[in-house]
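Reviewing the structure listed below.
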Amino acid sequence: MHKVAIIGSGPAGCFLAEILALKLAAVQIDIFERLPHPFGLAVNGVAPDHLHTRKVTEQFERTLARDNVNLIVNTDVGRSISYSELKQRYDRVVFATGASEDRKLGIPGEQLQGIYGSGCFTRWYNSHPDYKDLKPLIGQRVGIIGNGNVALDIARVLAKTTEEHQTSALSKSVRAHLSQCNIGEIHILGRRGPADASFSLPELAELGSLSQAGVQVAANALAGVETQNLPPSQQKMLQQLQHYAEAPEDSSVAPQIQFHFYATPMAAIGTTQLEALEIRDTRRGTLYTLPLDTLITAIGYRTPAIAYVPYDAELGRFAHQQGNIESGVYCLGWCQRGPQGVIPTNRSEAMKLARQLIRELES
Numbered sequence: 080m081h082k083v084a085i086i087g088s089g090p091a092g093c094f095l096a097e098i099l100a101l102k103l104a105a106v107q108i109d110i111f112e113r114l115p116h117p118f119g120l121a122v123n124g125v126a127p128d129h130l131h132t133r134k135v136t137e138q139f140e141r142t143l144a145r146d147n148v149n150l151i152v153n154t155d156v157g158r159s160i161s162y163s164e165l166k167q168r169y170d171r172v173v174f175a176t177g178a179s180e181d182r183k184l185g186i187p188g189e190q191l192q193g194i195y196g197s198g199c200f201t202r203w204y205n206s207h208p209d210y211k212d213l214k215p216l217i218g219q220r221v222g223i224i225g226n227g228n229v230a231l232d233i234a235r236v237l238a239k240t241t242e243e244h245q246t247s248a249l250s251k252s253v254r255a256h257l258s259q260c261n262i263g264e265i266h267i268l269g270r271r272g273p274a275d276a277s278f279s280l281p282e283l284a285e286l287g288s289l290s291q292a293g294v295q296v297a298a299n300a301l302a303g304v305e306t307q308n309l310p311p312s313q314q315k316m317l318q319q320l321q322h323y324a325e326a327p328e329d330s331s332v333a334p335q336i337q338f339h340f341y342a343t344p345m346a347a348i349g350t351t352q353l354e355a356l357e358i359r360d361t362r363r364g365t366l367y368t369l370p371l372d373t374l375i376t377a378i379g380y381r382t383p384a385i386a387y388v389p390y391d392a393e394l395g396r397f398a399h400q401q402g403n404i405e406s407g408v409y410c411l412g413w414c415q416r417g418p419q420g421v422i423p424t425n426r427s428e429a430m431k432l433a434r435q436l437i438r439e440l441e442s
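So for the sequence shown, this note's numbering puts the first residue at 80; every next one is plus one.
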């Protein structure tokens, strides 16, 4: 009987467990999870109004119901069980712990009240056990630093009305907290230009369908952007931004979602609580100040280190060579490649690693 330990029960770990359980004739798979519930990013990171994406957990539940798959929750590897114990007990150990630590901006004033990393903010509205009591300060003017889908998700959740959230998987306490907010402006700040944004077209277009929010893009933000050599998906994304730039402004709706590009944050301004953000316009080299009450940074994540597991502090993930940490030990998903890719990306990578593990164990 082969014994495999998978650390982390998110999409990467569950996909790997599913394939190994199906393809290996004699295998016992133990999945270790730090939290009291499984599925990681599939429930803690997916936007609460994208319920169709969360349906993948139904597949994972069938995986966990297999006789040769065992889920062990409330177990913090490195504390509850050591790295050396795992290597002694199992033929193969695979880390699929994701990337849950917010990267820092590294600017003066980052410690002010009203500033949050997107990891803790999204985990708050998804009722993650570590953040369910956060109660963030959400003022009238909100800034979101980041040009990816996480920034769009946060903007959309904040901009939706109470009625629109009726179909969202938000807890009663989160709904109540959001309903008390009076947000007038949401600023999405990109440190590079629009051609470098990593928005997906459906998520970007979804902002335009909100019942009360308006979307604005300054026309000169798109001036001079070369599109002919960009992938088709990127060209369509830019066309959507152009559509927002050309749409007539309706000042009667709120909040107004405004896209800013070439905006590098330089300092957070305030005494104890955030009052404004100093920004450098990288095209002109000029500084300007954007009044803000709340700032959410969606600039990436780091994998938390685990005692004695080789770690690359500069990259913020486990040290490895093509997924191999050391003999018999592997990493998979965001803790291997960094916080990039979507749920299906984890499945294709899990299939690749599973084929390798099956070859090794069967030989």
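All residues carry an ideal CB built from backbone N, CA and C; glycine is no exception.
### Query
Whose C-beta lies closer than 8 Å to the C-beta of residue 151 among residues of the same chain, with five residues either side of it excluded?
As a first step, residue 151 must be located in the sequence shown, where it is residue number 72. 109, 110, 111, 112.
### Query
So, are the CB atoms of residue 282 and residue 220 less than 8 Å apart?
Locating residue 282 in the sequence shown gives position 203, counting from the first residue. Locating residue 220 in the sequence shown gives position 141, counting from the first residue. Not closer than 8 Å, so no.
### Message
Counting C-beta neighbours from all protein chains within 10 Å, is the total for residue 299 16 or more, i.e. buried, or is it exposed?
### Response
Here residue 299 corresponds to residue number 220 of the sequence shown, with the count starting at 1. Burial call: exposed.
### Query
Quick one: any contact between the segment 356-371 and the segment 388-401, if contact means 3 or more CB pairs under 8 Å?
no
### Message
With distance defined between alpha-carbon atoms, name the residue in 337, 268, 97 nearest to residue 361.
### Response
Here residue 361 corresponds to residue number 282 of the sequence shown, with the count starting at 1. Among 337, 268, 97, the Cα nearest to that of residue 361 is on 268.
### Query
So which of 238, 92, 118, 414 has the shortest CA-CA distance to residue 128?
Working through the sequence shown from its first residue, we reach residue 128 at position 49. Checked all of 238, 92, 118, 414; the closest Cα to residue 128 is 238.
### Task
Please classify residue 374: is it buried, with 16 or more other beta-carbons within 10 angstroms of its beta-carbon, or exposed?
The count along the sequence shown starts at 1 and reaches residue 374 at position 295. By the neighbour-count rule (16 or more Cβ atoms within 10 Å), residue 374 is buried.
### Task
Just mark residue 197 as buried or exposed, buried being the case when its beta carbon has 16 or more other beta carbons within 10 Å.
Residue numbering aside, residue 197 sits at position 118 when the sequence shown is read from its first letter. Buried, because 16 or more other Cβ atoms sit within 10 Å of the Cβ of residue 197.
### Residue range of the beta strand (DSSP E) that includes residue 405
Numbered from 1 along the sequence shown, position 326 holds the residue referred to as residue 405. Taken as a continuous stretch (DSSP letters only), the beta strand (DSSP E) holding residue 405 covers 403-405.
### Task
Would you mind sorting residue 202 into buried or exposed? The rule is 16 or more other CB atoms within 10 Å of its CB.
Within the sequence shown, the letter at position 123 stands for residue 202. When all chains shown are included, residue 202 counts as buried.
### Query
Mind checking residue 271: buried by the 16 CB within 10 Å criterion, or exposed?
Here residue 271 refers to the residue found at position 192 when the sequence shown is read from its first residue. Label assigned to residue 271: exposed.
### Query
residue 416: buried (16+ other C-beta within 10 angstroms of its C-beta) or exposed?
Within the sequence shown, residue 416 is the residue found at index 337, counting from 1. Label assigned to residue 416: buried.
### Query
Which same chain residues, not among the five before or five after residue 80, have their C-beta less than 8 Å away from its C-beta?
For the purposes of this step, residue 80 is identified with residue 1 of the sequence shown, where counting begins at 1. Excluding positions up to five away in sequence, the list reads 105, 106, 107.
### Task
Starting from residue 291, follow the beta strand (DSSP E) in both directions and report where the run begins and ends.
Position 212 of the sequence shown, counting from 1, holds the residue named residue 291. Taken as a continuous stretch (DSSP letters only), residue 291 belongs to no beta strand (DSSP E), as it is neither H nor E.
### Task
Any chance you could list the alpha helix (DSSP H) runs of at least 4 consecutive residues sitting entirely within the segment 213-254, in chain order?
228-238
### Message
Between the segment 246-257 and the segment 118-132, can you find at least three pairs of beta-carbon atoms closer than 8 Å?
### Response
yes
### Message
Which of the three DSSP states is assigned to residue 309 in this structure?
### Response
Sequence index remark: in the sequence shown, residue 309 carries index 230 (1-based). Coil, per DSSP.
### Task
Report the three-state DSSP secondary structure of residue 335 (helix, strand or coil).
What you label residue 335 is simply residue 256 of the sequence shown in a count that begins at 1. It is a strand residue.
### Message
So, for residue 407: in the same chain, excluding its five sequence neighbours on each side, which residues have a beta-carbon less than 6 Å away from its beta-carbon?
### Response
Against the sequence shown, residue 407 aligns to sequence position 328. Closer than 6 Å at the Cβ level, and outside the excluded window around residue 407, lie 171.
### Message
So, for residue 102: in the same chain, excluding its five sequence neighbours on each side, which residues have a beta-carbon less than 6 Å away from its beta-carbon?
### Response
Reading the sequence shown from its first residue, position 23 is the one you call residue 102. If we look at residue 102 and ignore the five residues flanking it on each side, its Cβ neighbours are 437.
### Message
Do residue 217 and residue 286 count as a contact pair if the criterion is CB distance below 8 Å?
### Response
Mapped onto the sequence shown, residue 286 falls at position 207. Mapped onto the sequence shown, residue 217 falls at position 138. Their beta carbons are not under 8 Å apart, which means residue 286 does not touch residue 217 by this criterion.
### Query
If you drop the 5 nearest sequence neighbours on each side, which residues of the same chain put their C-beta closer than 8 Å to that of residue 426?
Against the sequence shown, residue 426 aligns to sequence position 347. Cβ neighbours of residue 426 beyond the five flanking positions: 90, 94.
### Query
Among 435, 291, 157, which has the Cα closest to the Cα of residue 176?
Residue 176 sits at position 97 when you count from the first residue of the sequence shown. Answer by Cα proximity: 157.
### Query
Hey, how far is the Cα of residue 87 from the Cα of residue 174?
Reading the sequence shown from its first residue, position 8 is the one you call residue 87. Reading the sequence shown from its first residue, position 95 is the one you call residue 174. Approximately 7 Å between the Cα atoms of the pair.
### Message
For residue 413, tell me which candidate among 430, 389, 434, 379 has the shortest Cα-Cα distance.
### Response
As a first step, residue 413 is located in the sequence shown; it is residue number 334 there, counting from the start. Taking only the C-alpha atoms, the option nearest residue 413 is 379.
### Task
Helix, strand or coil for residue 265, going by three-state DSSP, please let me know.
For the purposes of this step, residue 265 is taken as the residue at position 186 of the sequence shown. Residue 265: strand per DSSP, three-state reduction.
### Query
The beta strand (DSSP E) spanning residue 173 covers which residue range?
The residue given as residue 173 occupies position 94 in the sequence shown. Start and end: 171-174.
#### Entry: Close beta carbons around residue 290, own chain, < 7 Å, minus the five adjacent residues each side
Translated into positions along the sequence shown, residue 290 becomes position 211. So the list reads 240, 243, once near-sequence residues are dropped.
### Task
Grab me the residues of residue 188's own chain with a C-beta within less than 7 Å of its C-beta, minus the 5 sequence neighbours each way, in chain order.
One-based indexing of the sequence shown puts residue 188 at position 109. So the qualifying residues of the chain are 346, 347, 348, 349.
### Cβ distance (whole Å) where residue 117 is taken to contact residue 99 below 8 Å
Within the sequence shown, residue 117 is the residue found at index 38, counting from 1. Within the sequence shown, residue 99 is the residue found at index 20, counting from 1. With a Cβ gap of about 16 Å, residue 117 and residue 99 do not count as contacting.
### Query
For residue 97, which residues from the same chain have a beta carbon less than 6 Å from its beta carbon, with the 5 sequence-adjacent residues on both sides left out?
As a first step, residue 97 must be located in the sequence shown, where it is residue number 18. Here the set comprises 142.
### Query
If you run the structure through DSSP and keep just helix, strand and coil, what is residue 465?
The structure shown has nothing for residue 465, since the chain only spans 80 to 442.
### Task
Closer than 6 Å by C-beta to residue 323: which residues in its own chain qualify, once you throw out the five before and the five after it? Chain order, please.
What you label residue 323 is simply residue 244 of the sequence shown in a count that begins at 1. Result list for residue 323: 294, 296, in chain order.
### Check whether residue 320 and residue 273 have beta carbons under 8 Å apart
The count along the sequence shown starts at 1 and reaches residue 320 at position 241. The count along the sequence shown starts at 1 and reaches residue 273 at position 194. Yes. Within cutoff.
### Task
Rounded to whole angstroms, what's the CA-CA distance from residue 82 to residue 148? Just pull it up for me.
Translated into the one-based positions of the sequence shown, residue 82 becomes position 3. Translated into the one-based positions of the sequence shown, residue 148 becomes position 69. Each residue's Cα considered, the two are about 10 Å apart.
### Message
At the level of alpha carbons, what is the spacing between residue 307 and residue 314?
### Response
Along the sequence shown, one-based indexing puts residue 307 at 228. Along the sequence shown, one-based indexing puts residue 314 at 235. Going from the Cα of residue 307 to the Cα of residue 314 covers about 8 Å.
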